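Trainee:
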Amino acid sequence: MGDEWAGSDDEIARAVLASSPNAVVALDRDQGVLVWNAEAERLFGWTAEEMLGRRAPIVPGELVAEHNAVLERVRTGGQVSLRTKRFRSDGTLLDVRVDISALRLGSAVAGYVCVHYLARADEMARNRMARRARLVRRLTDVVGDINSELELPAVLDRISASLTELTGADAGGFVLIEEDRLRLVSTYRLPETLRGTTTDLRTSLVDKLLRTGKTVLLESQGLSNLVWARLPGLHTIALGLAAVGGRPYGALYALFSRRTPGHLELELLELLAGHAGIAVGNAVAYQEAVRQRAHERAVFDASADGIAVLDGAGRVVRWNPAAAELTAFSAEAVIGGPPPFPLPEPGRKLTFQMEIGRWLDVVSARIEETGEVVIDFRDVTTAKELEEAKDLFLATTSHELRTPITIVRGFASTLDSRWDKLSDLERRSAVRTIAERSRSLGQLMDHLLLGSRAGADELKVRIEKFDLAERINAATLGLPVLSDRHRVEVAIPDGLPFVLGDALATDIVLGQLLENAFKYSPKGGLIRVEAWPEDDNVVAVVDDEGVGIAPPDRERIFERFVQVDSGDRRRFGGVGLGLYIVRSLARAQGGDVSAHPRPDGGTRMRLVLRCASPIGSDTPMR
26 MGDEWAGSDD EIARAVLASS PNAVVALDRD QGVLVWNAEA ERLFGWTAEE
76 MLGRRAPIVP GELVAEHNAV LERVRTGGQV SLRTKRFRSD GTLLDVRVDI
126 SALRLGSAVA GYVCVHYLAR ADEMARNRMA RRARLVRRLT DVVGDINSEL
176 ELPAVLDRIS ASLTELTGAD AGGFVLIEED RLRLVSTYRL PETLRGTTTD
226 LRTSLVDKLL RTGKTVLLES QGLSNLVWAR LPGLHTIALG LAAVGGRPYG
276 ALYALFSRRT PGHLELELLE LLAGHAGIAV GNAVAYQEAV RQRAHERAVF
326 DASADGIAVL DGAGRVVRWN PAAAELTAFS AEAVIGGPPP FPLPEPGRKL
376 TFQMEIGRWL DVVSARIEET GEVVIDFRDV TTAKELEEAK DLFLATTSHE
426 LRTPITIVRG FASTLDSRWD KLSDLERRSA VRTIAERSRS LGQLMDHLLL
476 GSRAGADELK VRIEKFDLAE RINAATLGLP VLSDRHRVEV AIPDGLPFVL
526 GDALATDIVL GQLLENAFKY SPKGGLIRVE AWPEDDNVVA VVDDEGVGIA
576 PPDRERIFER FVQVDSGDRR RFGGVGLGLY IVRSLARAQG GDVSAHPRPD
626 GGTRMRLVLR CASPIGSDTP MR
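If you count by my numbering, then the sequence shown holds residues 26 to 647, one letter each, in order.
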């Protein structure tokens, strides 16, 4: 078995020597030739039969001393590589490099092994290495150049251009893997019309590359049916896989039509594809960060809440448009300084009134990582006013209810305890007072009920055709005798068009407007009611010569629980629901009510309702 293996080892050794690309010559200690392989025969021109057992005549006389010195050196240990001259059988001097080492059998030196190869081949190898080193250095520059780009399309275009520079390819491209499709997203030295082309991943070279488990692939068969065939003379395609986050993202295509790629080109393609994956990953991450910042900026700018960001020193560094609107301080006015209002402790809320009268709810939170503070504030003026109005409403309602109830209870007790002692006139007067106060209570309860329904959008009205002139006349009938300090005039033209709405709801509206006209002109004066057609509407107005309404309050008087006047706001009584109900009823009918000043003082309340028919096409029948 040992001899068999020995024979096998000899056979392998002979095969290695025969296959060596270099001339191998083994010498014994006396420099007799022991081995002279096929490449030695080719390089020097002597056959093995001619050289075995004799000293090879390849060392020039002037270099014998050098040769002997090298052999002596390697005999004592080490290896020597030198560039020198050697003879061919035809007398030609060859410029060669020789690597010489000791031939050891066990611990003894049995001779020497000399490996010869032409210096030109050595030079070519050095040139290849130098070229590779230059290209690797250039690859480093290219990678730095690619990574300097942050926009993904620009990164891909730079990769495609760099590919041709590094590999010597005639054209290049980058395809994106999109589930089961490929999309060509970048090209270099190819028709621009190819950009955006898609194909099935399963029939592509990328799929073949993925199935092989390799990172690069060289292909020269079946290229005529590919989109890359638009490159004239295409004969070879090299492609490398680019991965992002460990997952295949796309592939780099190097297209060759004039030269053939070698091992170095494939190595550079593989390296570039790896760096391309990193660059693409950076660009994708940058785009995601930009997109995230854009989303945050959009939310910041579009928020209805005021939002501010303070640095660690408490200076404003960001101030959104809502903040400027709510505080009346522009970003330019506050950035770099403190916010124009006090700050609550993080996690707490502070309600604060600005000098402009607006109430703000302010909250804050600290970002521990940066030391910044984010402030959020919103306008709560309406809620604050509504809260105050509700408090006033409760106090007013209690007062409005207590007075008639006290009077009714007092007169009822008097009648109960002193009925026989009272005269008939006194009893009638007491009953009349009880009836009047009960009627006031009923009206108050009606207002409260209508106000709650209007607030819940539950007012029910019927839309039908009715005669507004008739409702005005009915509402004003008998008014002149109610007060000796007021005069009432009604001016309605003949043929006033019918309107669309609810007659009963309109009675309530007119009654409240007339009641307000009397109540808010305590010194008396003229109360005038007019109506006329206007566009496709009918307008009715109630004018008084009373206390009037300040311009800021002409809209507020239609809010719930709000009652304003020129003096003591409580001297006219009421719970602040009348005009709120009036406007709700008018709008439920498709109309509206608004308040205006009279030129000579006082107030004009304007009611607008829709015409039942276009002006001029209908004549009311009375």
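We treat Cβ as the ideally placed atom computed from N, Cα and C, and that holds for glycine. All of these numbers come straight from a predicted model, not from anything done at the bench.
(1) Per DSSP, which one or two residues make a beta bridge with Gly627?
(2) With C-beta atoms as the reference, is Phe583 less than 8 Å away from Leu604?
(3) Mapping the DSSP letters down to three states, classify Ala263 as helix, strand or coil.
(4) Could you tell me the boundaries of the alpha helix (DSSP H) in which Asp205 lies?
(5) Tell me which residues share the same chain as Ser185 and place their Cβ nearer than 7 Å to its Cβ, disregarding the 5 neighbours each side in the sequence.
(6) So Ile83 and Val105 are in contact, right, with Cβ under 8 Å, and what is the actual spacing, rounded?
(7) Would you report the Cα separation of Glu66 and Thr101, rounded to the nearest angstrom?
(8) Would you kindly work out how many angstroms separate the C-alpha atoms of Arg113 and Gly193, rounded to a whole number?
(9) Assuming Ala390 is part of the beta strand (DSSP E), what are its boundary residues?
(10) Might you give, ordered along the chain, the residues of its own chain that have their beta carbon closer than 6 Å to the beta carbon of Gly571, omitting 5 neighbours on each side?
(11) Looking at C-alpha atoms only, which residue of Glu580, Gly435, Ala254 and Glu313 is the closest neighbour of Leu219?
(12) Does the distance from the C-beta atom of Ile202 to that of Gly258 stay below 8 Å?
(13) At which residue ranges does the stretch 528-566 contain complete beta strand (DSSP E) runs of 3 or more residues, listed in the order of the chain?
(14) With a 10 Å radius around its C-beta and 16 neighbouring C-beta atoms as the bar for buried, classify Ile488 as buried or exposed.
(15) Count the other CB atoms, across all protein chains shown, that sit within 10 Å of the CB of Thr228; report buried if there are 16 or more and exposed otherwise.
(16) Just tell me which of Ala63, Tyr137 and Met76 has its CA closest to the CA of Ala94.
(17) Should Leu385 and Phe366 be called a contact, given that it needs their Cβ atoms to be closer than 8 Å?
(18) For Thr285, tell me which candidate among Val305, Thr261, Ala267 and Pro369 has the shortest Cα-Cα distance.
(19) Can you pull the DSSP bridge partners for Pro367?
(20) Run the CB neighbour count on Trp444, radius 10 Å, all protein chains shown included, and call it buried at 16 or more, exposed below.
(21) Could you tell me if Gly382 is buried or exposed, where buried requires 16 or more neighbouring beta carbons within 10 angstroms of its beta carbon?
(22) Taking the DSSP output, what are the residues bridged to Thr224?
(23) Just list the residues that DSSP pairs Thr376 with in beta bridges.
(24) Near Asp330, which residues of its chain fall below 8 Å by C-beta distance, leaving aside the five closest residues on each side in sequence?
(25) List the whole-angstrom C-beta distance separating Thr501 from Val554, where the pair is believed to meet the contact cut-off of C-beta under 8 Å.
(26) So the candidates are Gly361, Gly573, Phe523 and Lys548; which of them puts its Cα closest to the Cα of Ala338?
(27) Please classify Arg612: does DSSP put it in a helix, a strand, or coil?
(28) Is it the case that the Cβ atoms of Leu256 and Ala279 are separated by a distance below 8 Å?
(29) What does the Cβ neighbour count give for Asn62, buried or exposed, with the cut at 16 atoms within 10 Å?
(30) For Ala637, collect the residues of the same chain with a Cβ closer than 7 Å to its Cβ; drop the 5 residues on either side in sequence, then sort them by chain order.
(31) Looking only at C-alpha atoms, which of Gly78, Arg80 and Arg108 sits nearest to Glu91?
(32) Thinking just about the alpha-carbon of each residue, which of Trp344, Glu313, Arg612 and Leu42 is nearest to the one in Asp326?
Mentor: Checking against the coordinates, here is how it stands:
(1) Sequence index remark: in the sequence shown, residue 627 carries index 602 (1-based). Its beta-bridge partners do not exist; DSSP assigns none.
(2) The residue labelled residue 583 in the question sits at position 558 within the sequence shown. The residue labelled residue 604 in the question sits at position 579 within the sequence shown. Yes, these two residues count as a Cβ contact at 8 Å.
(3) In the sequence shown, the residue the question calls residue 263 occupies position 238. Three-state DSSP puts Ala263 in a strand.
(4) The residue labelled residue 205 in the question sits at position 180 within the sequence shown. From DSSP, Asp205 is part of no alpha helix (DSSP H); its letter is neither H nor E.
(5) Within the sequence shown, the letter at position 160 stands for residue 185. Around Ser185: Gly197, Gly198, Phe199, Ser211, Thr212 and Tyr213.
(6) Against the sequence shown, residue 83 aligns to sequence position 58. Against the sequence shown, residue 105 aligns to sequence position 80. That belief does not hold up - the Cβ atoms of Ile83 and Val105 are roughly 17 Å apart, past 8 Å.
(7) Within the sequence shown, residue 66 is the residue found at index 41, counting from 1. Within the sequence shown, residue 101 is the residue found at index 76, counting from 1. Answer to the nearest angstrom: the Cα atoms are 29 Å apart.
(8) Taking the sequence shown and counting its residues from 1, one reaches residue 113 at position 88. Taking the sequence shown and counting its residues from 1, one reaches residue 193 at position 168. So the two alpha carbons sit approximately 39 Å from each other.
(9) One-based indexing of the sequence shown puts residue 390 at position 365. Run containing Ala390: Trp384 to Arg391, per the beta strand (DSSP E) assignment.
(10) Here residue 571 is taken as the residue at index 546 of the sequence shown, counted from 1. Excluding sequence neighbours, Gly571 sits near Tyr545, Ser546 and Gly627.
(11) Here residue 219 corresponds to residue number 194 of the sequence shown, with the count starting at 1. Ranking Glu580, Gly435, Ala254 and Glu313 by Cα distance to Leu219 puts Ala254 first.
(12) Walking along the sequence shown from the start, residue 202 turns up at place 177. Walking along the sequence shown from the start, residue 258 turns up at place 233. Not closer than 8 Å, so no.
(13) 550-559
(14) Indexing the sequence shown from 1 puts residue 488 at position 463. Ile488 comes out exposed.
(15) For this step, residue 228 is matched to residue 203 along the sequence shown. Burial call: exposed.
(16) Looking up residue 94 in the sequence shown gives position 69. Comparing Cα-Cα distances from Ala94 to each of Ala63, Tyr137 and Met76, the minimum goes to Tyr137.
(17) The residue you call residue 385 lines up with position 360 of the sequence shown. The residue you call residue 366 lines up with position 341 of the sequence shown. Yes, these two residues count as a Cβ contact at 8 Å.
(18) Counting from 1 along the sequence shown, the entry for residue 285 is found at position 260. The candidate whose alpha carbon is nearest that of Thr285 is Thr261.
(19) Within the sequence shown, the letter at position 342 stands for residue 367. In DSSP, Pro367 forms no bridge with anything.
(20) Sequence index remark: in the sequence shown, residue 444 carries index 419 (1-based). Looking at its Cβ environment, which holds fewer than 16 other Cβ atoms inside 10 Å, Trp444 is exposed.
(21) Position 357 of the sequence shown, counted from the first residue, corresponds to residue 382. Under this definition Gly382 is an exposed residue.
(22) For this step, residue 224 is matched to residue 199 along the sequence shown. DSSP output for Thr224 lists Leu207 as bridge partner(s).
(23) Position 351 of the sequence shown holds residue 376. Beta-bridge pairing links Thr376 to Asp386.
(24) Walking along the sequence shown from the start, residue 330 turns up at place 305. These residues qualify, in order along the chain: Ala347, Asp401, Phe402 and Arg403.
(25) Counted from its first residue, the sequence shown places residue 501 at position 476. Counted from its first residue, the sequence shown places residue 554 at position 529. Right, their Cβ atoms sit about 6 Å apart.
(26) As a working note, residue 338 is residue 313 in the sequence shown. Nearest option by C-alpha distance: Gly361.
(27) Taking the sequence shown and counting its residues from 1, the one referred to as residue 612 is at position 587. Reduced to three states, the DSSP call for Arg612 is helix.
(28) Here residue 256 corresponds to residue number 231 of the sequence shown, with the count starting at 1. Here residue 279 corresponds to residue number 254 of the sequence shown, with the count starting at 1. The answer is no: Cβ separation not under 8 Å.
(29) Within the sequence shown, the letter at position 37 stands for residue 62. Buried, since its Cβ has 16 or more Cβ neighbours within 10 Å.
(30) Reading the sequence shown from its first residue, position 612 is the one you call residue 637. Counting only Cβ-Cβ distances below 7 Å, and skipping sequence neighbours, we find Lys490, Pro522, Phe523, Val524, Leu525 and Asp643.
(31) For this step, residue 91 is matched to residue 66 along the sequence shown. The candidate whose alpha carbon is nearest that of Glu91 is Arg108.
(32) Your numbering for residue 326 matches position 301 in the sequence shown. Considering only alpha carbons, the answer is Trp344.
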